[in-house]
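Numbering (this note's numbering), first residue to last: 847 to 1294. Cβ coordinates follow ideal geometry from the N, Cα and C atoms, glycine included. Following: one structure in C-alpha cells, then a few remarks.
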C-alpha cells in the first residue's frame, strides 16, 4: 500500500477514535468507513446501603404496629391525653420499666437503669392529636369525631415504646435512659409544662433527643443539622380602633378598615426593608376582620398573623418595627391600636456535638447515602425547643415517604402533616426504634 494511503488511513483512524471516543477502529476493503469498537466501560460501583435494623425489633413489628394503630384510632387533644398516657404507662409497667405519671398534667416518664454508669440520656416522643376530622376510612381511622393524629405523634409514641421494649428485654447498656412521653406539643407547650413540673430536676439527663416523621422525604431517610432546624413560632393581634359612620358619609368617622389595610401593607416592609437579607424570617398576615354591614363603617378592625424567625435578635427587630408601624400608621388616620405580640415557641436549635453524634448513629443504621446531615431548616415550629434550651441535644427528621404506604381507604388528600388524609408510615417503626436504641447505647458508652 502506498505510503500516502497508509498515512491517510492512520489519520482517519485517529480522527475516528477522537470523534467517537473509542479505543480502535477496523478498516475493511472498499470505501474507508471506520467501525468503532467501544471502550469497555469503567466498572461503576454504586453504593446500596443495607439497613442495619435490630432483628428483635423487626420481630416485634406487629406488636408495635398494633399499639400505633390503637393510638391512631383513639386520638386525644392537648392535655386531654388521658387514655393515651394510660396506655403508654401500662405498657411500660408491663415490661417492668419504672414509670411516672402526671408530669405536665398528662405526661409519662419511664426510667430504665443498668449497671453503674453515671451518664443519662433523654428520649422524647409527643402524644397529642389535632382538632381535624379524619377523611380516611381504613380500619384504624379515628373513632373520636373531630380529632385526628394528623401529625404522626401516634408513630412517634410507638417508635419510642418499641425502643423501650427492646432495651428492657435485650438491650445492653450502662447508665440511665429516660423515656419522655410528652403531652400538648400542638400549641400547648407541653414540653415546658413537663420541665416546670420538674422533668429534668427529677430525671436529670446529660442530653435529650427528639425526632419527627417528615412527609416528602424518602421513607427511612434521616435529616439533621447543627444549629437551627425549626423556627420560632410567634403570633400577633392588632386591634384598630376608629369611629364608625355611615358608609356614604365616611368623613364623619375615622375608618379602621382603611387603616388596617395600610398597616397590613406596611408590616410587609419589615421583611424587605428592615431585616437583614441573610436573616431568615416570615411575617404572614392570616386574618383581617371588620364590620357586619355593607353600608356601615365599623368602629373597629382586627389584624392577626404569625412571625417565624431563627434568632431572638431578628424577632426583637420585627416586634419593635411592627409596633412602630402600627402605631404611627393608625395615628396618621386618627385611629389608635392595641397590639398583642405572643412569643409561643422559641427556635429549635441543635447543639453541634449532639447533632454530629446523632448523624453518625443514623449513618450506621441506614447508610450515609440516606442521611442528610445538613438538612434545610424549616419555618415550622416545635416545642422540643424548650427542652433544648434546658439541655444539650438534637432534633431530627425521619422521612415518611410520599403517601404510597397508606392502606386502601385513605382520603383523597395528600399524605402531609396536618392534612385530613395523612397516616403515619408503619415501615418506619423498626427504623425509629432501632435509632433510639443505638443512640442510647452509643451515648451512654461515651462516658467509659
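Worksheet item: Which residues does DSSP pair with residue 1058 in a beta bridge?
Response: 1243
Item to complete: Return the first residue and the last residue of the alpha helix (DSSP H) that residue 1111 is part of.
Response: 1102-1115
Item to complete: For the beta strand (DSSP E) holding residue 1021, just list the boundary residues, first then last.
Response: 1021-1028
Worksheet item: Beta carbon of residue 903, beta carbon of residue 986: below 8 Å?
Response: Result no, Cβ atoms of residue 903 and residue 986 do not sit closer than 8 Å.
Practice prompt. Less than 8 Å between the CB atoms is what I'm expecting for residue 901 and residue 995, so what's the real figure, rounded?
Written response: Not really, about 28 Å apart at Cβ, beyond 8 Å.
Worksheet item: Thinking C-alpha only, which one of 1188, 1093, 1234, 1136 is nearest residue 1151?
Response: 1188
Worksheet entry | Proximity of residue 1022 and residue 1196 at Cβ, strictly below 8 Å | no
Discussion item. Can you tell me where the beta strand (DSSP E) holding residue 1202 begins and where it ends?
Written reply: Note, residue 1202: premise wrong, no beta strand (DSSP E); alpha helix (DSSP H) at 1198-1212.
Item to complete: Identify which residue in 1080, 1273, 1180, 943 has its Cα closest to the Cα of residue 956.
Response: Measuring from the Cα of residue 956, the nearest candidate turns out to be 943.
Fill in: C-alpha gap between residue 1265 and residue 1244, whole angstroms
18 Å
Discussion item. What does the alpha-carbon distance come out to for the pair residue 1154 and residue 934?
Written reply: Rounded to whole angstroms, residue 1154 to residue 934 spans 33 Å at the Cα level.
Discussion item. For residue 1130, which residues in the same chain have their Cβ closer than 7 Å to its Cβ, ignoring the five residues on either side in sequence?
Written reply: 1151, 1152
Worksheet item: Taking the alpha-carbon positions, what's the residue 1186 to residue 1132 distance?
Response: 15 Å
Discussion item. Can you tell me whether residue 1098 is helix, strand or coil according to DSSP?
Written reply: helix
Worksheet item: Residue range of the beta strand (DSSP E) that residue 972 falls in?
Response: 966-972
Worksheet entry | Residues that DSSP places opposite residue 1191 in a beta bridge | 1079
Item to complete: Measure the Cβ-Cβ separation of residue 1237 and residue 1024 and say whether it is below 8 Å.
Response: Not in contact: residue 1237 and residue 1024 (Cβ atoms no closer than 8 Å).
Worksheet item: Do three or more CB pairs link the region 1058-1074 to the region 1163-1170 at distances below 8 Å?
Response: no
Worksheet item: Within 10 angstroms of its Cβ, does residue 952 collect 16 or more other Cβ (buried), or is it exposed?
Response: buried
Discussion item. Measuring only the C-alpha atoms, how far is residue 1083 from residue 1171?
Written reply: Going from the Cα of residue 1083 to the Cα of residue 1171 covers about 14 Å.
Fill in: Beta-bridge pairing of residue 1074 - partner residues as DSSP gives them
1195
Worksheet item: Which term fits residue 913, buried or exposed, when burial requires 16 or more other beta carbons within 10 angstroms of its beta carbon?
Response: buried
Worksheet item: Run through DSSP, which three-state label would residue 1092 get?
Response: Strand, per DSSP.
Worksheet item: In whole angstroms, what separates the C-alpha of residue 978 from that of residue 1203?
Response: Residue 978 and residue 1203: Cα-Cα distance of roughly 37 Å.
Item to complete: Specify, as a first and last residue, the run of the alpha helix (DSSP H) that residue 1045 falls within.
Response: 1045-1048
Fill in: Separation of residue 1207 from residue 1284, as counted between CA atoms
7 Å
Worksheet item: On the three-state DSSP scale, how would you describe residue 962?
Response: coil
Discussion item. Residues in the same chain with beta-carbon distance under 6 Å from residue 981, minus the five sequence neighbours each way, listed in chain order, please.
Written reply: So the qualifying residues of the chain are 1257, 1266, 1267.
Worksheet item: Whose C-alpha, out of 1060, 1105, 1235, 1002, is nearest the C-alpha of residue 1135?
Response: 1105
Fill in: Which of helix, strand or coil DSSP assigns to residue 1119
helix
Discussion item. Applying the 10 Å Cβ sphere with the 16-neighbour rule, what's the burial state of residue 1158?
Written reply: It is exposed - the Cβ of residue 1158 has fewer than 16 other Cβ atoms within 10 Å.
Discussion item. Check for me: the alpha helix (DSSP H) holding residue 1282 runs from which residue to which?
Written reply: For residue 1282, the uninterrupted alpha helix (DSSP H) run begins and ends at 1275-1291, by DSSP.
Worksheet item: For residue 947, which residues from the same chain have a beta carbon less than 6 Å from its beta carbon, with the 5 sequence-adjacent residues on both sides left out?
Response: Around residue 947: 935, 954.
Worksheet entry | Collapsed DSSP secondary structure at residue 1253 in the structure displayed | coil
Worksheet item: Since residue 1061 and residue 1263 are thought to touch, with beta carbons under 8 Å apart, how far apart are those beta carbons, to the nearest angstrom?
Response: 6 Å
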